[in-house]
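Q: Residue numbers (our numbering): 345 to 1003.
Beta carbons: idealized from backbone N, C-alpha and C, even for Gly.
One structure coming up, written as structure tokens, with questions to follow.
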Amino acid sequence: TRARALPGVKAIVTHENCQVVWGAGSIAGGGQYNDELKKITRQRRYAFNNPVRHVGEPVAAVAAVDRHVAEEACRLITVDYEVLPFVLDQEAALKDDAVKLWPEGNISLNARNEAVPNVNRRGNIAQGFAEADRVFEDRYSTVMCHNAQMEPRAVVAHWEGDKLTVYTPSGGIYNCHHDIARDLGIPDEKVRVVCKYMGGNFGNKNQNQDTDLITAVLAKEAGAPVKLEFSRKDDFVGMHGRWPTVQYYKVGVKNDGQLTAIQLRTLSNMGPYRKNNGGVSGIDLYDVSHFESTLYPMYTNRTTSGNFRGPTDPQGYYPIQSLMDDIAYALKIDPVDFILKNMIKPGRNANFTNYTLDQCVKRGAELFDWKTRWRPQPGADTGRLKRGAGVAFMSFRSGVGNSSAVLTVNAAGQYTLYVGVTDVGPGAKTTMNIIAADELDVPLERVTVVWGDTDLCPYSVGESGSRTTIMTGQAVIEAARDIKQQIAAKGMPTGSALLKASASPTPRLEGKRRDCFGAHFVEVEVDTETGRVRFLKYVAVHESGRIMNPLTAISQIKGGVGMGIGMALHENMIYDQRTGAPVVTGYYFDRVPTHLDVPDVDVEFIEADDGHGPYGAKSVGESGMIQGPAAISNAIYNAIGKRIKDLPITRDKILGALA
345 TRARALPGVK AIVTHENCQV VWGAGSIAGG GQYNDELKKI TRQRRYAFNN
395 PVRHVGEPVA AVAAVDRHVA EEACRLITVD YEVLPFVLDQ EAALKDDAVK
445 LWPEGNISLN ARNEAVPNVN RRGNIAQGFA EADRVFEDRY STVMCHNAQM
495 EPRAVVAHWE GDKLTVYTPS GGIYNCHHDI ARDLGIPDEK VRVVCKYMGG
545 NFGNKNQNQD TDLITAVLAK EAGAPVKLEF SRKDDFVGMH GRWPTVQYYK
595 VGVKNDGQLT AIQLRTLSNM GPYRKNNGGV SGIDLYDVSH FESTLYPMYT
645 NRTTSGNFRG PTDPQGYYPI QSLMDDIAYA LKIDPVDFIL KNMIKPGRNA
695 NFTNYTLDQC VKRGAELFDW KTRWRPQPGA DTGRLKRGAG VAFMSFRSGV
745 GNSSAVLTVN AAGQYTLYVG VTDVGPGAKT TMNIIAADEL DVPLERVTVV
795 WGDTDLCPYS VGESGSRTTI MTGQAVIEAA RDIKQQIAAK GMPTGSALLK
845 ASASPTPRLE GKRRDCFGAH FVEVEVDTET GRVRFLKYVA VHESGRIMNP
895 LTAISQIKGG VGMGIGMALH ENMIYDQRTG APVVTGYYFD RVPTHLDVPD
945 VDVEFIEADD GHGPYGAKSV GESGMIQGPA AISNAIYNAI GKRIKDLPIT
995 RDKILGALA
């Protein structure tokens, strides 16, 4: 009441007068994935939640004539908190006496409303271990890393009658558009989302956000356009990052190095809401007949976890490839030879559209000069500075799918391309321009691109999952081919007339698996007195099909390497164990790598065309980050002879291992 009485305050919303479900904030709540999940109603997430389940959840929002009045009104709002017990650790959350975040317990419900782990099997795990000559077991852990994109949330919403327009940093304007409409209970055509340029995505801006919903509700209540802008701290404590994990492995192997079985039990820390699946990848990289993976997606009172570049991969590749590295040393096998022997291959467990993983590994070893840089005896160097080399490899989905493009041409021969992409940094708009110009066989300046507006542009899958070039690019090609056929049949338009073509292809792989491939090799120097890790050489070899835009493709790999370094050595969203509050609330304390921390990276692409996607193009954006933590972990072990099994591999952990 004090805030409402302040002159200039136009609207205040809280849980009491805003019961909007944030569907994209919780799989269970919104059911955005399939009809089965829509039946789950027990664990909904709202724009404003009561109880609040982590430090950083919004409890009230104010719209006023300027920011100063709005901030003063926020200070005048009195919140009566009941302090509740909390749990931050996923293993602790699984215990019988743990604090329960939901009445059903701390294991996230599946699509059948069951609080049980997710189990995935192939073959007979008992038989696989019986066939092994040796069995290795170990435990690894990874922590939350924030997406840490440069641009924080900044949303403008306004209503014109019953039509809502939202300007928001979204990597997927059509996904955001649909999600906003669904959550507000209005038709899709009554929502317009605009985002032309965006300062970074990395997985946490593809759907709608609570900021979009809160701003839209405030604008409705205030009867005026409203802008909501997050501070850097707001973004760090309120928005999701990569889910932390604890992983227990058991691996069976023959004396000749042939794997027989892999068993994994994972506990993923999802925070208080289930935004994503919490899975880890890595087992699927190995050609093994018997495996079993058990995943416990656990609720805790940390910030909600979600997608971050290669969502399930870096936190899965680091443990499994570290353990496989240890097994190779124990069997006295070169790690590269061990990889080539056991990595997934075309045949019994996979039917690929094309396969170049072996080429990536072999070419990387050649460029890196593996035999010279790798130490057969880990920690063998004498003196204060010890050097070591590590390797990791990658296979990442590059599937085809639905998207759309519209293309027009006028009498002057000027083409206009309409695509629903957003430019999040890698240059999706430019890439669509390149594809159209190439297919039309005209200069780039003859193609004007209209993008980033759901009222003007057709559907695009969004900048998520490294799918834009593959899917929307293929739609551009098919629209261009259509308009060329029209020109051939009718001639160029005259006067003010236009020729128009549209394409919405729905390609299929017919049971085949389409992946991009890669291998990273890294040499480090470890200072055994300070624990400092210095990079001496980094080689990244990738096969991502046909490379459309070499400069941005190379930059994507280099940027991914930088993120991998941060995850491997520095970043950790630390929480105060006494209060449950996050300690890391910005770039400085999170120690996100800068240009000064990232070495020169030698990037080489092996180009191939499997006949799918635009000219055979595959995924690039996420693949550059995936191998980093594993390769760096293996290089540090090769240097010091001690395995660090908990990320990040900080200086104190290195010194502790050497003590």
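#1: Should M836 go down as buried or exposed, given a rule of 16 or more other Cβ atoms within 10 Å for buried?
#2: Distance, Cα to Cα, G727 vs A772?
#3: Do you know how far the Cα of A492 is from the Cα of V535?
#4: As a quick exercise: from N698, A733, N519, pick the residue whose alpha carbon is nearest that of E887.
#5: I'd like the ranges of any alpha helix (DSSP H) spanning at least 4 consecutive residues and lying wholly in the stretch 569 to 627.
#6: For V364 and T923, I'd like the C-alpha separation in whole angstroms.
#7: Do you know whose CA, among D953, T752, A733, lies nearest R891's CA?
#8: Since G734 sits in a beta bridge, which residues does DSSP pair it with?
#9: For N693, I'd like the list of residues in its chain whose CB is within less than 7 Å of its CB, leaving aside the five on either flank, ordered along the chain.
#10: Between the Cα of G544 and those of S846, P770, Y931, D799, spot the shortest distance and give me the residue it belongs to.
#11: Jot down the residue ranges of each uninterrupted beta strand (DSSP E) in the stretch 726 to 781, minimum 3 residues, whole runs only, in chain order.
#12: Taking only three categories from DSSP, how would you classify M488?
#13: So I558 packs on V413, CB below 8 Å; how close in whole Å?
#14: Under DSSP, the beta strand (DSSP E) around K881 begins and ends at which residues?
#15: Is the Cβ-Cβ distance between T647 and V399 less than 9 Å?
#16: Would you check if the stretch 858 to 872 and the stretch 922 to 938 touch, i.e. whether three or more CB-CB distances between them fall below 8 Å?
#17: On a Cα-Cα basis, can you pick out the residue from Q591, F682, I606 that is closest to T656?
#18: Taking the C-alpha atoms as reference points, what is the distance between F546 and G796?
#19: Among L843, T816, Q818, which has the Cα closest to the Cα of Q829?
#20: Cβ atoms of K685 and Q602: under 9 Å apart, would you say?
#21: Mapping the DSSP letters down to three states, classify M815 as helix, strand or coil.
#22: Mind reading off the beta-carbon distance from Y643 to L445? Whole number of angstroms is fine, and I expect it under 8 Å.
#23: R858 and F737 - do their beta-carbons sit closer together than 9 Å?
#24: Following the continuous beta strand (DSSP E) through S846, name the residue where it begins and the one where it ends.
#25: For T874, which of helix, strand or coil comes out of DSSP?
#26: Along the chain, where does the alpha helix (DSSP H) that runs through E435 open and close?
#27: Measuring alpha carbon to alpha carbon, tell me which residue in V765, G352, A442, A437 is nearest A408.
#28: Tell me the DSSP secondary structure of W503 in three-state form.
#29: Please report how far the alpha carbon of C520 lies from the alpha carbon of A983, in whole angstroms.
#30: Looking only at its own chain, which residues have a Cβ that is under 6 Å from the Cβ of T1031, when we skip the five neighbours before and after it?
#31: Quick check: S840 and A755, are their CB atoms within less than 9 Å of each other?
#32: Give the single residue among R388, A724, E636, W718 whose Cα lies nearest to the Cα of A733.
#33: Please report the distance separating the alpha-carbon of G908 from that of G855.
#34: In terms of residues, what are the limits of the beta strand (DSSP E) holding W795?
#35: If you compare alpha carbons, which of L880, S848, K598 is closest to R825?
#36: How many Å lie between G819 and G957 at the Cα?
A: Per the coordinate set shown:
#1: exposed
#2: 49 Å
#3: 28 Å
#4: N698
#5: 576 to 582
#6: 29 Å
#7: The amino acid occupying residue 891 in the given sequence is Ile; Arg does not appear at that position. If we check each option's Cα against that of I891, D953 comes out closest.
#8: V866
#9: D631
#10: P770
#11: 729 to 741, 749 to 753, 759 to 763
#12: coil
#13: No, I558 and V413 are not in contact; Cβ-Cβ is about 18 Å, not under 8 Å.
#14: 877 to 887
#15: yes
#16: no
#17: Q591
#18: 18 Å
#19: L843
#20: yes
#21: helix
#22: 4 Å
#23: no
#24: 843 to 847
#25: coil
#26: 434 to 437
#27: G352
#28: strand
#29: 47 Å
#30: Summary: the structure shown does not reach residue 1031, with the chain confined to residues 345 through 1003, and so no result is reported for it.
#31: yes
#32: W718
#33: 32 Å
#34: 791 to 795
#35: S848
#36: According to the sequence as given, residue 819 is Ala; it is not Gly. Cα-Cα distance, rounded: 9 Å.
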